[in-house]
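What follows is a single structure, written as structure tokens, with notes after it.
Chains as they are written, first to last, in our numbering: chain A, 95 to 371; chain B, 11 to 422.
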């Protein structure tokens, strides 16, 4: 299934987890639980040692995954071992993409990613200005390149990003780093307004942690919701409390279900004029 | 001079999208105020460097070193800049620029605390609120600098992720900037990070080589045969080299921290040195493509040096480019030789150097015969901040020329 297909039938729920957090086998179960809970796409983090865009929750998850032995090579095996039918998007930092394989540049990484069935990339430290080599490799192997649009992104910058983006656009709901919040930013609405003329699915992330948030974001016009830290928190709690992987997986599935249901409810509450094609 | 932010293949702007508008705003301010002296920015900067910073610093003949090595050895005395290191040149420039840009909050990272203290001084001087991110481990290693920052009115925020040193402090400061980008300027401490930082920090630091070049002509009637500067991130290095780059008769030596060994432990993710020019490979870190200490997969390694100011896994992209093109020679000096040089300069010249700067003197000791008749060494900072660690490290080694400090053993 392509990313476009995943957004075709109503609002998409896009959860994020770090591959290998806290260990390889548990992490496989967690991703599969998210699909059972209603995930339409999975953003799967490949951990990098210097994650400058992440808040403490995901930083700690990255530390756990790295200590658990996750590497780019293991990550590709992980994706092959995953028993899910939804598309997988690889979220990582550019140095790992750039360094992979023997040749210079991102091509070997993208080729391998295509080979194991990855559908696209999100690279938080790669702005549109520096993205041409990765964009070319993605085009060659038929993968999507998702870009993040921040509350500060306007005018020419927005055009430049929207010319390069494919799959979906990641709408950053507020400034700062990733992390679950008790409320959702008001900056989301104006970001969605700025994007309304562009014909690509808009998925909103940063700070969404409950079904109620999901409902509100979708009611405001989002085509999908991206949830990371709230889910990673469950993995962290399970790890700290020595829960069985099965228990943690069940809790992930429950929250996933709540988020997906919230998103679906949000569509039915949209005022008629904001209905999207 | 690069205006597009690339130095060969190095440089660029690898930062989260949320920061790009601020980077573009900074590029614009850099071109207007720094390159074109709009509103007299550079005039005010130079005046404040003179009156507040104590510039120009002398180019002093080192009489006993000249005798020892049988050639003319001169010291560029950046240790005499207010605060005790070259770091103020950049911090003062950036805090002043932030004022011209209308920003009302300053953040900075610091490793050893030299850049943090310089930024704190500049912020107090220019009446700007300041928060400094510092690794928890460095806070414990460098307590006097933490006191200095606080005395100047800055907040010091401990960074507890990872090993708690400079690399983590930079990442955390970037996160703060991504959160508060609209009213905050990030005063980065070296010629690293996304464009325009590497060029801008070089321009603020190039006052070192500008003065040294004129002073060399006054004192010796010619340019030096060699300029030596220690290199971590590379701000004193680029400052000491910038105005000499076009002078073919002057050789430029960037002296990196060889640490305990140049060998790398891939399994543990540790490079027990900070020699990214000598042993690193190309990659992307903290906003720029440059040379890095990294493992086979591209994960960044933990670096090491006896001097915390050199202890960083990356290096400025322009310096990496100058090494690739052969204009700058990258060399390295290990912990032991740097510490010996620290004692030698203290005893022979009456100057206690920063452990960072001591690396350049370690290279002079080993290779003086290859350096020509007239050598300038950039004495980037004074060693007061390093006294405790220098004495502890000396005690663990057998250094002939070190004074006997046994009375303090266990009491430090």
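For every residue, glycine included, the Cβ atom is placed at its ideal position computed from N, Cα and C.
All values derive from a computational prediction rather than experimental measurement.
Opposite residue i in the DSSP bridges: which residues?
i: residue 69 of chain B; result: B/86
i: residue 378 of chain B; result: Its beta-bridge partners do not exist; DSSP assigns none.
i: residue 266 of chain A; result: A/299
i: residue 196 of chain B; result: B/117
i: residue 184 of chain A; result: A/138 and A/215
i: residue 143 of chain B; result: B/119 and B/167
i: residue 363 of chain B; result: B/392
i: residue 342 of chain B; result: B/266
i: residue 93 of chain B; result: DSSP, once it has assigned bridges, lists no residue as partnering residue 93 of chain B.
Residue i touches chain B at which residues, Cβ-Cβ below 8 Å?
i: residue 260 of chain A; result: Near residue 260 of chain A there are no residues of chain B at all, since even the closest Cβ is about 16 Å away, more than 8 Å.
Taking 8 Å as the CB-CB cut-off, is residue i touching chain A?
i: residue 200 of chain B; result: no
i: residue 12 of chain B; result: Bear in mind that the predicted position of residue 12 of chain B carries a pLDDT of just 45, short of 50, making it unreliable; the figure below should be weighed with that in mind. No, residue 12 of chain B does not count as interfacial toward chain A.
i: residue 307 of chain B; result: yes
i: residue 112 of chain B; result: no
i: residue 250 of chain B; result: no
i: residue 210 of chain B; result: no
i: residue 215 of chain B; result: no
i: residue 349 of chain B; result: no
i: residue 184 of chain B; result: yes
i: residue 411 of chain B; result: no
i: residue 142 of chain B; result: no
i: residue 169 of chain B; result: no
i: residue 188 of chain B; result: yes
i: residue 310 of chain B; result: yes
In chain B, which residues lie with their C-beta within 7 Å of the C-beta of residue i?
i: residue 227 of chain A; result: Within chain B, no residue comes near residue 227 of chain A; the closest Cβ sits about 11 Å away, beyond 7 Å.
i: residue 332 of chain A; result: The premise fails here: residue 332 of chain A is roughly 21 Å from chain B at the closest Cβ pair, so nothing lies under 7 Å.
Mind pulling the chain B residues with CB within less than 9 Å of residue i?
i: residue 242 of chain A; result: 26, 27 and 28
i: residue 251 of chain A; result: 27, 30, 31 and 34
Could you work out which residue in the options is closest to residue i when comparing CA atoms only?
i: residue 185 of chain A; options: A/100, A/166, A/104 and A/248; result: A/166
i: residue 232 of chain A; options: A/244, A/214, A/218 and A/219; result: A/214
i: residue 307 of chain A; options: A/296, A/282 and A/290; result: A/282
i: residue 389 of chain B; options: B/198, B/364, B/406 and B/372; result: B/364
i: residue 124 of chain B; options: B/94, B/90, B/145 and B/298; result: B/94
i: residue 247 of chain B; options: B/369, B/189 and B/113; result: B/369
i: residue 203 of chain B; options: B/347, B/323 and B/337; result: B/323
i: residue 272 of chain B; options: B/38, B/252, B/239 and B/311; result: B/311
i: residue 367 of chain B; options: B/73, B/174 and B/87; result: B/87
i: residue 37 of chain B; options: B/49, B/22 and B/26; result: B/22
i: residue 102 of chain B; options: B/55, B/84, B/266 and B/341; result: B/55
i: residue 314 of chain A; options: A/296, A/234, A/156 and A/170; result: A/296
i: residue 246 of chain A; options: B/187, B/142 and B/169; result: B/187
i: residue 410 of chain B; options: B/316, B/374 and B/354; result: B/354
Using a Cβ-Cβ distance cut-off of 8 Å, determine whether residue i contacts chain B.
i: residue 267 of chain A; result: no
i: residue 370 of chain A; result: Because the pLDDT of residue 370 of chain A is 48, which lies under 50, any placement of that residue in the model is unreliable, and the number read from its coordinates should be weighed accordingly. So, not an interface residue.
i: residue 283 of chain A; result: no
i: residue 112 of chain A; result: no
i: residue 218 of chain A; result: yes
i: residue 360 of chain A; result: no
i: residue 224 of chain A; result: yes
i: residue 221 of chain A; result: yes
i: residue 151 of chain A; result: no
i: residue 322 of chain A; result: no
Taking C-beta pairs closer than 7 Å, name the residues in chain A that residue i reaches, listed in chain order.
i: residue 181 of chain B; result: 144 and 146
i: residue 293 of chain B; result: 189, 192 and 193
i: residue 22 of chain B; result: 224
Can you name the residues of chain A whose CB is closer than 8 Å to the CB of residue i?
i: residue 191 of chain B; result: 246 and 269
i: residue 16 of chain B; result: Within 8 Å Cβ-Cβ: nothing; residue 16 of chain B doesn't reach chain A, min ~10 Å.
Since residue i meets chain A, which of its residues come closer than 9 Å, beta carbon to beta carbon?
i: residue 177 of chain B; result: 143 and 144
Q: Below 9 Å between beta carbons is the criterion; list the residues of the region 188–205 of chain A that meet it against any residue of chain B, in chain order.
A: Against chain B - using a Cβ distance shorter than 9 Å - the residues of the region 188–205 of chain A are 188, 189, 190, 191, 192, 193, 194 and 198.
Q) Using a Cβ cut-off of 9 Å, which residues of the region 153–185 of chain A contact any Cβ in chain B, in chain order? A) Within the region 153–185 of chain A, the residues whose Cβ lies closer than 9 Å to any Cβ of chain B are, in chain order, 153, 154, 157, 160, 165, 166 and 167.
Q) Mind listing which residues of the region 127–149 of chain A have their C-beta closer than 9 Å to chain B's C-betas, in chain order? A) Cβ contacts with chain B come from 141, 142, 143, 144, 145, 146, 147, 148 and 149.
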